[in-house]
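FYI, full-length UniProt numbering numbers position 38 of the sequence shown as 38, with every residue one higher than the one before it.
Working notes, structure below.
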Amino acid sequence: MSSNEDNNQAKSSPSVEDPRGELTAQLEELLNTLSNKFAGVSSEIFAKMDEMSRRLDNIEAQLSTQPQDNQGSSK
1 MSSNEDNNQA
11 KSSPSVEDPR
21 GELTAQLEEL
31 LNTLSNKFAG
41 VSSEIFAKMD
51 EMSRRLDNIE
61 AQLSTQPQDN
71 QGSSK
């Protein structure tokens, strides 16, 4: 009897759970899309921060050599 009831429930369940399953699939797709976009934006931000850090290091190096150049030319 229980196997018959399980089969009947399995046949009636998809009609009830199909909208839920469809909604779940759409939500998962949306979350995956948002996650991928976030990862892309995050990597772009880190790349720009790395580039800014390199530029600041170059500026700092140029500024640290400038006083030495000025001292050498004034003597």
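No residue lacks a Cβ here, since even glycine has one placed at the ideal position from N, Cα and C.
Values in this document were obtained by computation on a predicted structure and should not be read as measured data.
Below 6 Å CB to CB, which residues in the same chain sit around residue i once its five sequence neighbours on both sides are set aside?
{"i": "residue 28", "result": "none"}
Looking only at its own chain, which residues have a Cβ that is under 8 Å from the Cβ of residue i, when we skip the five neighbours before and after it?
{"i": "residue 40", "result": "none"}
Given residue i, which residues of its chain have a CB within under 7 Å of its CB, disregarding the five upstream and five downstream residues?
{"i": "residue 60", "result": "none"}
{"i": "residue 53", "result": "none"}
Helix, strand or coil: which one does DSSP assign to residue i?
{"i": "residue 20", "result": "helix"}
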